[in-house]
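Undergrad: Quick one: the structure is below, questions incoming.
Residue numbers (this note's numbering), protein chains in the order written: chain A, 1 to 502; chain B, 1 to 502.
Dropping the structure here:
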């Protein structure tokens, strides 16, 4: 997998790659600091620094000489497979950065600013009508954006390709239809059963102890604290400040035992993915996670398939009770397991559980597909939203605040491509986990001993180390022996929730 | 003091200034993070990011078009005084960044690397002889460096001018001679007296409480936590991440009550200086502290003239005892005041007290002056060091480790200009403070009430707000009504230590 620099042209390219990566890491530091430790009065100056660095990076990423060098080298016939793929990814990124006319970028950017500002007023006023002209223009500009990439027949394919390279609306749509068909009855059954006891999750759990517990778990998982750290922010995230600097953040609620823990497990999955990319790919276009879906598969795998499993609680319930002996005195391991797997239908995506979250995503994906396909008019979107929620979740919001106005994405210029990765991640998490289990018989017993060596090792070798060396579809097939499929995820959900609530 | 952009050329220049400032702030963030929160494994990647940003900043700071624009504008006759001074400072910095041939910079830089590496081995081996050829070459290169600035008759004037613009070896030498003559008998008398009780400084003081106490004091001083913050590092420092982002760091020893407190007070002085620079100067070459000496005057003023005064302890001893009631149960306010003003002759600069520190600095300054003047050969430096310590401090190190090998500066390429600012700072701290007292009768009584409003206000108006609008010598004369003079400092020392130890 080593890249052999064959000559000076290739070496010069590596230098450019490394510069782009280092400017990206510096931008990430400016953003990390903004979210963690920036003094309130410094916000304006920080925004100016971020704009400057983003501009410097953009200038380098769109430099015509760089583009010519990429084209020249791509035409050669002595490239190694790694070199060929490196050039393919670099040229894809170069195209994304250069194909829009400057005038178009300026117009879109100004429109997004205006749309966002309007949304911050229209949302609390429950005034979707006010947003219709903005959304219509966003839709129009989005279709124009896609038109600069005529290699994609369906505009949605272009948007999906930006975050989940090579995946298509048809492929995702098929997966999502099958998933919805299977999910609706499972949710039906689970929510009809007696809800588990959750009172003890909301006792008082001091923040420092919660943080220490979560950090001890991810140290067991294999998150490398010599190449990362955890800090507190308003919204949890993972960020890449460098090839050896993958930081995560969390937030703590002293009256909610699950908030910090599951955000820590989630972000650690993103970070372990990036920490596991092969050393020789770092500083090149291949040196990072391959797609939104595969990235999310790792956060969901470590958060849900591991962190909400019976085996996990067999390993950790005793430790958690040692940390909080009074608060958990009257709680059993089984009660803890059931409590962290509570399922409830809700109107708000960001509050949803592991199971119903997918229905929120699928709803949005299908509405985007209709919008971009010209089969749904923006003025009918609020009603279509309510109808879809009724169909998919059996709920109808009493207003648009908890309906079509709830997420910022569409009002921030992102129609298409922003949501599907979450559910692709869930689907892939199970597909990868099942493959890891096939290769490592008795894996669940490892987890019950808090021994994550075989699981982490398999993921590192098959998912993390390759970085962007393969397309997402290729990676899935190489790692699991079959193309992207929803079956392992459905099997996982049926077995887990069947046993939980039958 | 407002800069009036007279035309497009001036506006373009402002944009360049702001970019240089923002790249500087980004570099400062990379460095701050390196010292505070960087994961150990990320050190290599961080060094590469720093080198890249430093190069990008250097390219902009030395851009020929920028230099031409500065020259053009400097030739105009319609400049406001602020514009004229802005151009003077910008051209000075441009000259410093461009006048050395690239070959010379590379040679000096390589030599510094080799010299530093040799010193890390020679120092523990007590082997000054090994360093002689390195130092000889450093001296030679330093003289060459100065020769690129023929406007300075004395090479030392060039080095002093880099950190203390407009000050000269003659001016500093005169101040230092007078200071030494006065200091030696004071130190003599003070160290002959019974040393104060200091046992209680070394009881156990939990770190968190120490930090909180220090932060409460500097909040009273007027350090603005909405435009700064304090974190922990190995060596305390102040850093400018932006015009509204002046951060300080400290370190805590649980068995030393003075370590964190006085480092916090010291760094807060540096930071309040920068926080006080007039808003309209930020993002221009005038938007920062004017010199090493004036900067140090503010750290020393808030650390020593305020923080080690009787009035300070009248205000804070009760609060400190409320924080640490058990540890300070048997201690009086007077004992605390005397303990933090202990004087002891020592061989090591970095361990020295307020009073004797100056003698360490003067010794180095005088040896540098002899070296650069060709009156002292490098091979005789170790002996000259011992003789100077005997004369100035009445002590002789038993080896060169605690002698000429103790400080990194000379072995890192800095002969001349690196030390004098510390003692200039002490001298200036008293001159500024005396002027503030004249303008604000009864100032000491304010301090004894922890009311720093008049002192901080006077300093902000007379020292901080102007930034680099005047040269250091001009600033001193405008603020205090007289040129740089050692008299107020000598008066302060005589009164304080006369009363303390008579």
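All C-beta atoms, glycine included, are put in the ideal place defined by N, C-alpha and C.
From the DSSP output, read off the bridge partner residues of residue 220 of chain B.
TA: Residue numbering aside, residue 220 of chain B sits at position 220 when the second chain is read from its first letter. For residue 220 of chain B, which the question treats as bridged, DSSP gives no partner whatsoever.
Undergrad: Which bits of chain C does residue 46 of chain B rub up against, with CB to CB less than 7 Å?
TA: Included in the structure are the protein chains A and B, with no chain C among them.
Undergrad: With residue 465 of chain B and residue 271 of chain B assumed to form a contact (beta carbons below 8 Å), what rounded beta-carbon distance in angstroms separates them?
TA: On the second chain, residue 465 of chain B is found 465 positions in, with the first residue counted as 1. On the second chain, residue 271 of chain B is found 271 positions in, with the first residue counted as 1. About 15 Å separates the two Cβ atoms, so there is no contact after all.
Undergrad: Tell me where the beta strand (DSSP E) around residue 241 of chain A begins and ends.
TA: Position 241 of the first chain, counted from the start, is the residue given in the question as residue 241 of chain A. Per DSSP, residue 241 of chain A belongs to the beta strand (DSSP E) from 238-242.
Undergrad: If distances are taken between C-alpha atoms only, which option among B/376, B/31, B/186 comes closest to residue 344 of chain B?
TA: In the second chain, counting from the first residue as 1, residue 344 of chain B sits at position 344. Closest option to residue 344 of chain B, Cα to Cα, is B/186.
Undergrad: Taking the alpha carbon of residue 253 of chain A as the point to measure from, which residue in A/236, A/246, A/113 has its own alpha carbon closest?
TA: Within the first chain, the letter at position 253 stands for residue 253 of chain A. Of the candidates A/236, A/246, A/113, the one whose C-alpha sits nearest the C-alpha of residue 253 of chain A is A/236.
Undergrad: I need the straight-line Cα distance from residue 190 of chain B to residue 218 of chain A, nearest angstrom please.
TA: As a first step, residue 190 of chain B must be located in the second chain, where it is residue number 190. As a first step, residue 218 of chain A must be located in the first chain, where it is residue number 218. Approximately 58 Å, taken between the alpha carbons.
Undergrad: How would you list, in chain order, the residues of chain A whose beta-carbon sits under 9 Å from the beta-carbon of residue 52 of chain B?
TA: As a working mapping, residue 52 of chain B is identified with position 52 in the second chain. Result: 18, 19, 22, 23, 26.
Undergrad: For a cutoff of 8 Å on Cβ pairs, would you count residue 222 of chain B as touching chain A?
TA: Position 222 of the second chain, counting from 1, holds the residue named residue 222 of chain B. Not one chain A Cβ lies under 8 Å of residue 222 of chain B.
Undergrad: In chain order, what residues of the same chain lie with their CB nearer than 8 Å to the CB of residue 384 of chain A, ignoring the 5 residues before and after it?
TA: Along the first chain, one-based indexing puts residue 384 of chain A at 384. Cβ within range, chain order: 367, 370, 376.
Undergrad: Grab me the residues of residue 281 of chain B's own chain with a C-beta within less than 6 Å of its C-beta, minus the 5 sequence neighbours each way, in chain order.
TA: Sequence index remark: in the second chain, residue 281 of chain B carries index 281 (1-based). So the list reads 287, 467, once near-sequence residues are dropped.
Undergrad: Mapping DSSP to helix, strand and coil, what is residue 127 of chain B?
TA: Taking the first residue of the second chain as 1, we reach residue 127 of chain B at position 127. In the structure shown, residue 127 of chain B sits in coil (DSSP, three-state: anything other than H, G, I, E or B).
Undergrad: Output the distance between the C-alpha atoms of residue 111 of chain B and residue 138 of chain B, rounded to the nearest integer angstrom.
TA: In the second chain, residue 111 of chain B corresponds to position 111, counting from 1. In the second chain, residue 138 of chain B corresponds to position 138, counting from 1. Between residue 111 of chain B and residue 138 of chain B, the C-alpha separation is close to 8 Å.
Undergrad: Is residue 248 of chain A helix, strand or coil by DSSP?
TA: To locate residue 248 of chain A, count along the first chain from 1; it is residue 248. Three-state DSSP puts residue 248 of chain A in a strand.
Undergrad: Name the two residues that bound the continuous alpha helix (DSSP H) containing residue 446 of chain A.
TA: The count along the first chain starts at 1 and reaches residue 446 of chain A at position 446. It spans 443-448 - the alpha helix (DSSP H) in which residue 446 of chain A sits, taken as one unbroken run.
Undergrad: Whose C-beta lies closer than 7 Å to the C-beta of residue 15 of chain B among residues of the same chain, with five residues either side of it excluded?
TA: Here residue 15 of chain B corresponds to residue number 15 of the second chain, with the count starting at 1. The answer is none, since no qualifying residue turns up.
Undergrad: Between which two residues does the alpha helix (DSSP H) holding residue 347 of chain B run?
TA: Start at 1 with the first residue of the second chain, and residue 347 of chain B comes out as number 347. It is not in any alpha helix (DSSP H) - residue 347 of chain B carries neither H nor E in the DSSP assignment.
Undergrad: Rounded C-beta distance between residue 143 of chain A and residue 372 of chain A? I'm assuming under 8 Å.
TA: Within the first chain, the letter at position 143 stands for residue 143 of chain A. Within the first chain, the letter at position 372 stands for residue 372 of chain A. Contact holds; Cβ gap of about 7 Å.
Undergrad: Measure the Cβ-Cβ separation of residue 411 of chain B and residue 134 of chain B and say whether it is below 8 Å.
TA: Position 411 of the second chain, counting from 1, holds the residue named residue 411 of chain B. Position 134 of the second chain, counting from 1, holds the residue named residue 134 of chain B. Yes, the pair counts as a contact, with Cβ atoms nearer than the cut-off.
Undergrad: Is the shortest distance between the beta-carbon of residue 11 of chain B and the beta-carbons of chain A less than 8 Å?
TA: As a first step, residue 11 of chain B must be located in the second chain, where it is residue number 11. No, no contact with chain A.
Undergrad: When you compare the CB positions of residue 269 of chain A and residue 313 of chain A, do they come within less than 8 Å of one another, or not?
TA: As a position in the first chain, residue 269 of chain A is number 269, starting the count at 1. As a position in the first chain, residue 313 of chain A is number 313, starting the count at 1. It is not a contact, given that the beta carbons lie outside the stated cut-off.
Undergrad: Residues of chain B with a CB under 9 Å from the CB of residue 226 of chain A: which are they?
TA: One-based indexing of the first chain puts residue 226 of chain A at position 226. Chain B residues near residue 226 of chain A: 39, 40, 41, 42.
Undergrad: Would you say residue 245 of chain B lies against chain A (beta-carbon separation less than 8 Å)?
TA: Locating residue 245 of chain B in the second chain gives position 245, where the first residue counts as 1. Yes, residue 245 of chain B counts as interfacial toward chain A.
Undergrad: Which partner residues of residue 230 of chain A appear in the DSSP bridge assignment?
TA: On the first chain, position 230 is the one that residue 230 of chain A refers to. Answer is A/248.
Undergrad: Any C-beta of chain B sitting closer than 8 Å to the C-beta of residue 229 of chain A?
TA: Your numbering for residue 229 of chain A matches position 229 in the first chain. Closer than 8 Å to some Cβ of chain B, the Cβ of residue 229 of chain A qualifies, so yes.
Undergrad: In whole angstroms, what separates the C-alpha of residue 124 of chain B from that of residue 358 of chain B?
TA: Within the second chain, numbered from 1, the residue matching residue 124 of chain B stands at position 124. Within the second chain, numbered from 1, the residue matching residue 358 of chain B stands at position 358. The alpha-carbon atoms of residue 124 of chain B and residue 358 of chain B are separated by roughly 26 Å.
Undergrad: Could you round the C-beta distance between residue 41 of chain A and residue 227 of chain B to whole angstroms and report it? I think they count as a contact, below 8 Å.
TA: On the first chain, residue 41 of chain A is found 41 positions in, with the first residue counted as 1. On the second chain, residue 227 of chain B is found 227 positions in, with the first residue counted as 1. At roughly 4 Å, the Cβ-Cβ gap stays under 8 Å, so residue 41 of chain A and residue 227 of chain B are in contact.
Undergrad: With a CB to CB cut of under 7 Å and the five nearest residues on each side skipped, what residues in its chain are close to residue 517 of chain A?
TA: This structure does not reach residue 517 of chain A, given that chain A is present from 1 up to 502, and the question cannot be answered.
Undergrad: What residue from A/118, A/19, A/179 has the CA that sits closest to residue 283 of chain A's CA?
TA: Position 283 of the first chain, counted from the start, is the residue given in the question as residue 283 of chain A. Comparing Cα positions, the closest option is A/19.
Undergrad: Identify the residues that DSSP records as bridge partners of residue 253 of chain B: which are they?
TA: As a first step, residue 253 of chain B must be located in the second chain, where it is residue number 253. In DSSP, residue 253 of chain B forms a bridge with B/256.
Undergrad: Is the CB of residue 33 of chain A under 8 Å away from at least one CB in chain B?
TA: In the first chain, residue 33 of chain A corresponds to position 33, counting from 1. Closer than 8 Å to some Cβ of chain B, the Cβ of residue 33 of chain A qualifies, so yes.
Undergrad: Using a Cβ-Cβ cutoff of less than 7 Å, which residues in the same chain neighbour residue 454 of chain B once the five nearest sequence positions on both sides are dropped?
TA: Here residue 454 of chain B corresponds to residue number 454 of the second chain, with the count starting at 1. So the list reads 440, 443, 446, once near-sequence residues are dropped.
Undergrad: I need the straight-line Cα distance from residue 545 of chain B to residue 315 of chain B, nearest angstrom please.
TA: Chain B is shown only over 1 to 502; residue 545 of chain B falls outside these bounds and no answer can be derived.
Undergrad: Please look up how many angstroms separate the CB atoms of residue 354 of chain A and residue 308 of chain A, rounded, as I've assumed it's under 8 Å.
TA: Residue numbering aside, residue 354 of chain A sits at position 354 when the first chain is read from its first letter. Residue numbering aside, residue 308 of chain A sits at position 308 when the first chain is read from its first letter. At roughly 7 Å, the Cβ-Cβ gap stays under 8 Å, so residue 354 of chain A and residue 308 of chain A are in contact.
Undergrad: Pick helix, strand or coil for residue 312 of chain A, following the three-state DSSP scheme.
TA: In the first chain, the residue the question calls residue 312 of chain A occupies position 312. DSSP places residue 312 of chain A in helix when its eight states are reduced to three.
Undergrad: Please determine if the stretch 40-58 of chain B and the stretch 260-267 of chain B are in contact, where contact requires at least 3 C-beta pairs separated by less than 8 Å.
TA: Segments in contact, no.
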